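According to our numbering, the sequence shown holds residues 7 to 370 in order.
Where a beta carbon is used, it is the ideal one built from N, C-alpha and C, also for glycine.
Treat the numbers as computed from the prediction; the structure is a model and nothing was measured.
Please read the structure below before turning to the comments.
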Amino acid sequence: MSKSHGQSLLVTDPSFARELEKKLPELVTLNRLARALENKARVRVEDIVEKDGKSFPLISIVMGSEDPTAPVFGLFGGVHGLERIGSDVVISWIQTLAETLEWDEFSRDRLKKSRLVFLPIVNPVGIFETKRSNGNGIDLMRNSPVRADEEPAFLLGGHSISSRLPWYSPPVRSLEEMEVESRVLCQVVEREMFQSKCAVTVDVHSGFGSVDRLWFPWAKSKTPPPHLEEITALKQLFDRSHPHHFYQIEPQSKSYTTHGDLWDWLYEKHAKVAETTGGFYMPYTLELGSWIWLKKNPRQLFTSLGAFNPIQPHRMKRILRRHLTLFDFLHRAVISSETWLKADEATRARLRRRAMDLWYSEAS
Numbered sequence: 007m008s009k010s011h012g013q014s015l016l017v018t019d020p021s022f023a024r025e026l027e028k029k030l031p032e033l034v035t036l037n038r039l040a041r042a043l044e045n046k047a048r049v050r051v052e053d054i055v056e057k058d059g060k061s062f063p064l065i066s067i068v069m070g071s072e073d074p075t076a077p078v079f080g081l082f083g084g085v086h087g088l089e090r091i092g093s094d095v096v097i098s099w100i101q102t103l104a105e106t107l108e109w110d111e112f113s114r115d116r117l118k119k120s121r122l123v124f125l126p127i128v129n130p131v132g133i134f135e136t137k138r139s140n141g142n143g144i145d146l147m148r149n150s151p152v153r154a155d156e157e158p159a160f161l162l163g164g165h166s167i168s169s170r171l172p173w174y175s176p177p178v179r180s181l182e183e184m185e186v187e188s189r190v191l192c193q194v195v196e197r198e199m200f201q202s203k204c205a206v207t208v209d210v211h212s213g214f215g216s217v218d219r220l221w222f223p224w225a226k227s228k229t230p231p232p233h234l235e236e237i238t239a240l241k242q243l244f245d246r247s248h249p250h251h252f253y254q255i256e257p258q259s260k261s262y263t264t265h266g267d268l269w270d271w272l273y274e275k276h277a278k279v280a281e282t283t284g285g286f287y288m289p290y291t292l293e294l295g296s297w298i299w300l301k302k303n304p305r306q307l308f309t310s311l312g313a314f315n316p317i318q319p320h321r322m323k324r325i326l327r328r329h330l331t332l333f334d335f336l337h338r339a340v341i342s343s344e345t346w347l348k349a350d351e352a353t354r355a356r357l358r359r360r361a362m363d364l365w366y367s368e369a370s
């Protein structure tokens with residue numbers, strides 16, 4: 007389902023509108039942004055999620071080139087409803103871009119040869135109801151047919167015991183059996199990125215650790231992913247370009263493995279497409295280190311959102327501007343991928359040795 011950007015993306019019922027202002031202000035802000043971006047972006051209602059008689063749109067925003075092979079950077083947030091900071095971070099950058107495009111010739115030129123893709127609120131019902139899962143009680147980040155190589159940690163890695171427990175994810179066999187939010191995320195990535203010569207996505211989460219981690223695949227396995235050399239080359243480019251950055255770049259499996267990871271699913275599907283197109287695609291997860299917020303303000307732990315989101319206004323502002331450098335770097339990197347994506351055999355061997363030393367020395 008799609009609507010042109012000239013149409014209203016939200017219901018007009020006054021009582022529901024008041025509820026949204028209180029429980030899901032991100033959607034209200036996104037609707038306003040969609041109208042402001044009418045001549046700068048392609049806005050679509052990808053689908054509608056229904057819950058208790060209320061309708062929640064799944065809104066994507068695409069800026070830039072319509073050439074399917076153009077380099078792409080994508081940003082996603084709000085997969086887990088409790089981690090609404092992910093949506094806030096994505097929407098904050100869209101707001102910055104909307105203003106920048108009014109006056110910055112360089113930004114406009116970049117978008118002539120590249121594409122930016124946003125799905126800022128993947129799980130609107132989860133955010134609205136202040137719970138991790140979607141409206142059906144399913145953990146969307148464990149909602150694909152992918153199975154872990156080895157049985158992951160009990161419950162955390164995904165289970166089918168009960169939707170009353172976190173990380174509930176009954177097995178699915180195909181895209182059609184996945185939740186509507188998961189399907190929409192996959193369809194947006196396939197439509198906007200699978201034909202690109204170079205595409206990178208970042209999915210913003212929170213709630214794990216005291217440092218900001220930038221995770222790459224696999225979530226399903228402790229073995230190295232296929233593009234280990236390219237991952238290492240991009241890391242080294244970032245390290246050289248921003249030597250004082252604070253991200254811990256590593257495979258997700260270094261922390262834990264899971265069944266059903268959506269990004270593993272898309273990464274594997276893209277590999278089949280790339281046999282024909284030769285394109286490169288890498289999905290990252292940005293896991294914000296929310297424990298540091300708890301350390302600075304322990305009282306947050308006694309609120310439903312406190313373990314996953316900055317509560318103090320000054321800290322919220324800091325988080326919203328903290329990752330702009332990373333996003334800008336990745337957008338530049340996909341545009342200039344020829345400088346780091348291609349390497350001779352000797353360089354690839356060196357990159358692989360470096361990666362194994364960094365991340366897989368225990369397994370080697």
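Open item on the list: In whole angstroms, give me the CA-to-CA distance for T283 and A277.
Closed with: 10 Å
Task: Beta-bridge pairing of D209 - partner residues as DSSP gives them - done: F82, T291
Open item on the list: Are the CB atoms of V210 and V78 within a distance shorter than 9 Å?
Closed with: no
Open item on the list: If I measure Cβ to Cβ from S10 and keep anything under 7 Å in the same chain, skipping five residues before and after, which residues do I get?
Closed with: Confidence in S10 is poor, its pLDDT being 44 and thus under 50, which makes the residue's placement too unreliable to answer from.
Open item on the list: L268 and L191 - do their beta-carbons sit closer together than 9 Å?
Closed with: yes
- [ ] Just tell me which of S139, P151, L292, V123 has its CA closest to the CA of V68.
- [x] V123
Task: Supposed close pair V131, G141 - CB separation, criterion 8 Å - done: 4 Å
TODO: Would you list the residues sitting across from E256 in a DSSP beta bridge?
DONE: W221
- [ ] Would you decide whether W99 is buried or exposed? Buried here means 16 or more other CB atoms lie within 10 Å of its CB.
- [x] buried
Task: Exposure label - Q258; buried when at least 16 CB within 10 Å - done: buried
TODO: Take E52 and list the residues in its own chain whose beta-carbon comes closer than 6 Å to its own, dropping the five residues that flank it on each side.
DONE: L64, S66, V190
Open item on the list: Taking only three categories from DSSP, how would you classify S261?
Closed with: coil
Task: R121 in three-state terms, based on DSSP - done: strand
Open item on the list: Across the stretch 79 to 93 and the stretch 40 to 55, are there enough close Cβ pairs to call them in contact, namely three or more that are closer than 8 Å?
Closed with: no
Task: Segment contact flag, the stretch 342 to 351 with the stretch 215 to 232, C-beta cutoff 8 Å, min 3 pairs - done: no
Open item on the list: Please state the DSSP three-state secondary structure of F333.
Closed with: helix
Task: Cβ separation of W271 and P158, assumed to be a contact under 8 Å, to the nearest whole Å - done: Wrong, their Cβ atoms sit about 16 Å apart, outside the cutoff.
TODO: Tell me, please, which residues DSSP counts as bridged to H165.
DONE: Y174
Open item on the list: Which residues does DSSP list as the beta-bridge partners of L64?
Closed with: D53
Open item on the list: In this structure, how does DSSP classify F160 when only helix, strand and coil are distinguished?
Closed with: coil
TODO: State the Cα-Cα distance for the pair T264 and T106, rounded to the nearest angstrom.
DONE: 39 Å
Open item on the list: Less than 9 Å between the beta carbons of L171 and P126, yes or no?
Closed with: no
Open item on the list: What does the Cβ neighbour count give for E236, buried or exposed, with the cut at 16 atoms within 10 Å?
Closed with: buried
Open item on the list: For T291 and F22, what's the separation of their Cα atoms in angstroms?
Closed with: 32 Å
TODO: Determine the burial state of S370: buried for a count of at least 16 other Cβ atoms within 10 Å of its Cβ, exposed for fewer.
DONE: Caution applies to S370, whose pLDDT of 48 falls short of 50 and renders its modelled position unreliable; the value that the coordinates give is listed next. Label assigned to S370: exposed.
TODO: Determine the contact status of D155 and K60, defining contact as a CB-CB distance below 9 Å.
DONE: no
Open item on the list: Taking the straight line between their C-alpha atoms, what separation do you get for S14 and L36?
Closed with: Caution is warranted here: a pLDDT of 48 is assigned to S14, below 50, making its placement in the model unreliable, and no coordinate value can be reported.
- [ ] Please say whether E135 and K29 have beta carbons closer to each other than 9 Å?
- [x] yes
- [ ] Taking only the alpha-carbon atoms, compute the straight-line gap between I97 and L103 and give it to the nearest angstrom.
- [x] 10 Å
Open item on the list: What would DSSP say about G92, mapped onto helix, strand or coil?
Closed with: helix
- [ ] Measuring alpha carbon to alpha carbon, tell me which of Q254, Q201, R121, P316 ends up nearest S212.
- [x] P316
- [ ] Please confirm whether Y253 and V217 have their CB atoms less than 9 Å apart.
- [x] yes
Task: Collapsed DSSP secondary structure at G285 in the structure displayed - done: coil
TODO: Name the residue from H250, V128, P319, A42 whose alpha carbon lies nearest to the alpha carbon of G83.
DONE: V128
Open item on the list: Rounding to the nearest angstrom, what Cα-Cα distance links R321 and E281 in this structure?
Closed with: 45 Å
Task: Inter-residue Cα distance where the pair is L243 and E368 - done: 25 Å
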